[in-house]
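One structure is given here, and the rest of the page talks about it.
2 protein chains.
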Amino acid sequence: MSRALRTGAVVLCFLVLVSTASAQTLPSWKAGDTKAAIVTFVQAVTDRKSKDYVAPGDRIAVFDNDGTLWSEQPLYFQFLFMLDQLKAAAPQHPEWNDNPAFKALVAHDREALAKLGQKPILELLALANSGMTVGEYDRTIRDWLAKQRHPKFKRPYTDLVYKPMQELLAYLRANGFRTFIVSGGAVEFMRPWAEKAYGIPPEQVIGSQQEVKFEMKDGKPVLTREPKFAFIDDGPGKPVGIYRHIGKRPIAAFGNSDGDLQMLQVTAAGEGRRLALLVHHDDADREFAYDRQSQIGRLDKALDEAKANNWIVVSMKSDWKRIFAFEQ
Amino acid sequence: MSRALRTGAVVLCFLVLVSTASAQTLPSWKAGDTKAAIVTFVQAVTDRKSKDYVAPGDRIAVFDNDGTLWSEQPLYFQFLFMLDQLKAAAPQHPEWNDNPAFKALVAHDREALAKLGQKPILELLALANSGMTVGEYDRTIRDWLAKQRHPKFKRPYTDLVYKPMQELLAYLRANGFRTFIVSGGAVEFMRPWAEKAYGIPPEQVIGSQQEVKFEMKDGKPVLTREPKFAFIDDGPGKPVGIYRHIGKRPIAAFGNSDGDLQMLQVTAAGEGRRLALLVHHDDADREFAYDRQSQIGRLDKALDEAKANNWIVVSMKSDWKRIFAFEQ
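Chains as they are written, first to last, in our numbering: chain E, 1284 to 1611; chain R, 1284 to 1611.
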């Protein structure tokens, strides 16, 4: 083989290898600015020679769950679950028939619910989802998730995780990141399936918390659920949850709604290179389309902030080849 | 070589290897029942053929900090730090001169402090340790730890970590365990040094929490410390902290005082093989000797429970070759 031929062969092999690697990175993401911005960020913070290099211990990435890693329409899935627990407990609580929040909830009366505001609704749901041990509640959640089907997709709720985001989580971990969920939803509703769906173990799931109380019951130590919230991990609560649980400022944050704004602000405000990303629901055919006007997962202020600060906005329609693993 | 000789050589090599491995395991622990019980437990839960085998994902070990991983006498080190902050803030607070908790604290009046009870003392300390951002507070903690010396050992407080426990943490992790601190102390006081001292990253440090509040300050998002406790991770609070933060029942728990009792109970009550261990401070020469009568780190009820349930009780005097790394 001539020297020119040999050199040509080496170059060709190199190009094949590079293009293979690139096609294997985030395969459900279309080639384009969004994917390039993510890959460029990861390369910059992991390349020891880069001025933006970040030591592995500081590669913390935080992800909202509802609407960012899985669907949240027509209602947050955990809300549907808690509502089912309310209905199941109702026969033991005739006094609820006089409760305006109860009446509005069982009648799905959106107007009455909006008028009541969050507080009495959350209080009633917390009450109906308390009194049992955390072990009993965990079994109820697992049963519900196994049996119930999503109204639009007719599939288990846990099928509605976004394939491109699963790939992104795995890609970040392969590059030395530790990945955390930081969700307005309750920890106990996510932990049973987050490890299988996202590769995120229970201790890396941060969320809202109902009070639990230690007590001895029949000589056994148990934790019992109390009818009160201990912590709401949403909006300005998210940076608090991150501080309490992780104790380090993330270098990458992923959300989809105004409830993620403060988490993205805190992440973006750190020194050095940062990634702040919003998933924009603009695909009514394959999933749902909603933003500024939606009661669930409203994306309004955060969208303005994203534009003002050059955060990445993912178009589910244009940036993702497929949304769910079950799509053909 | 004859067959007998060859067999003999193989057996000899095997014995040398086994004894070397055993000498390398927990080198600061004396051979004896305590060390054997720990090693036997770890072998049982990691051997795939054992009936007590535990999958790596469920190998969770929790450690109290004060008195279990480092010293806590003559007063919890964090208490000394917070007291110094109180004294530093006093000139700006002339109104404290009429506060009985303030007077008792600065006079080190143990009788008055005991009479007042915990509540007004903690409230005043929380007040003196609030108002700043979490970043500013972190720098104050690091400065204090760098400058202050322990009254008995004349060394930085972070030198007073127990060498045998450092080895135990590393030994468990080498066997697929994830190790967590679960302390009555505040997270922000442990995180700056826990990774270097124990190999435990910030997100695996669980502790008491003062309230923090998200706000925008000069256009920057910050977290400010509030004069109020959000969570006390002690006694019955420890299983709550474990549930909130880890979401799995540990299979091994390590403590030294009555404040660790419920954490050990919850751990021991799980199905399958469990390890519950108390460090007993019985070495006045090398460290301190105290248990049932001590105001700091009282070990009374938990000692009775340990005896009733065959939990391991470590004698610092008899079971540990050395306590601190700086000992000759």
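We treat Cβ as the ideally placed atom computed from N, Cα and C, and that holds for glycine.
Small disclaimer: the values here were computed from a predicted structure and weren't measured.
Asked, Found
"Partners in chain R for E:ALA1533, counting only beta-carbon separations shorter than 8 Å", "For clarity, residue 1533 of chain E is Pro in the given sequence; the question names Ala instead. In chain order: nothing, as chain R lies at least about 11 Å away."
"Closer than 7 Å to chain E by CB, R:GLN1548", "yes"
"Where R:ALA1535 sits in the DSSP three-state scheme", "strand"
"Residue ranges of each alpha helix (DSSP H) within the segment 1323-1392 of chain R, 4 or longer", "1360-1372 and 1383-1389"
"Any C-beta of chain E under 7 Å from that of R:GLU1509", "no"
"Under 7 Å between C-beta atoms of E:ASN1412 and E:MET1473", "no"
"Cβ-Cβ distance between E:ASP1541 and E:ALA1585 below 7 Å", "yes"
"Complete alpha helix (DSSP H) runs within the segment 1413-1441 of chain R (minimum length 4 residues, chain order)", "1417-1430"
"Beta-carbon proximity of R:GLY1315 to R:ASN1539, cut-off 7 Å", "no"
"Environment of R:SER1601 [buried if 16+ CB atoms lie within 10 Å]", "exposed"
"Reference R:PRO1434, options R:VAL1465, R:LEU1363 and R:PHE1537, closest by Cα", "R:LEU1363"
"Strand pairing of R:TYR1445, partner residues [DSSP]", "R:PHE1607"
"Chain-ordered neighbours of E:GLY1530 on chain R, where CB pairs are closer than 8 Å", "VAL1470, GLU1471, ARG1474, PRO1485, GLU1486 and VAL1488"
"Option in R:ASP1587, R:ALA1551 and R:SER1598 with minimal Cα separation from R:ARG1569", "R:SER1598"
"Contact list for R:ILE1417 against chain E, beta-carbon separation under 7 Å", "According to the sequence shown, residue 1417 of chain R is Val rather than Ile. Those within 7 Å of R:VAL1417 in chain E are TYR1526."
"R:LEU1547 and R:ALA1559 closer than 7 Å at C-beta", "yes"
"According to DSSP, residues forming a beta bridge with E:ARG1556", "DSSP output for E:ARG1556 lists no bridge partner at all."
"Spatially closest choice to R:GLY1418 from E:GLY1530, E:GLU1378 and E:HIS1564, by CA coordinates", "E:GLY1530"
"Nearest-angstrom Cα separation, counted from E:MET1415 out to E:ARG1393", "29 Å"
"Any C-beta of chain E under 7 Å from that of R:PHE1436", "no"
"Exposed unless 16 or more other CB atoms sit within 10 angstroms - verdict on E:GLU1355", "buried"
"For E:ALA1480 and E:GLY1340, the rounded distance between their alpha carbons", "24 Å"
"Partners in chain E for R:GLY1350, counting only beta-carbon separations shorter than 9 Å", "Going along chain E, no residue has its Cβ under 9 Å from R:GLY1350, so there is no contact; the nearest lies around 21 Å."
"R:MET1448 to E:ASP1442 span [Cα, whole Å]", "44 Å"
"Reference E:LEU1358, options E:ILE1579, E:ASN1593, E:PHE1609 and E:ARG1456, closest by Cα", "E:ILE1579"
"Span separating the alpha-carbon of R:GLU1509 from that of R:LYS1402", "16 Å"
"Given R:ARG1342 as reference, the closest of R:ARG1461, R:VAL1562 and R:ILE1489 once Cα atoms are compared", "R:ARG1461"
"Rounded Cβ spacing between E:PRO1533 and E:VAL1345 (contact assumed at less than 8 Å)", "5 Å"
"Contact between the segment 1603-1610 of chain E and the segment 1308-1324 of chain E (3+ Cβ pairs under 8 Å)", "yes"
"Segment contact flag, the segment 1518-1527 of chain E with the segment 1320-1329 of chain E, C-beta cutoff 8 Å, min 3 pairs", "no"
"Per-residue DSSP class, three states only, for E:SER1601", "helix"
"Unbroken alpha helix (DSSP H) run spanning E:THR1550, endpoints", "1544-1551"
"Residue environment, R:VAL1596, which counts as buried when at least 16 other CB atoms sit within 10 Å", "buried"
"E:LEU1561 - DSSP class collapsed to helix/strand/coil", "strand"
"Neighbourhood of R:PHE1324 by C-beta distance below 6 Å, restricted to the same chain and skipping five residues each side", "LEU1558"
"Closer than 7 Å to chain R by CB, E:GLN1356", "no"
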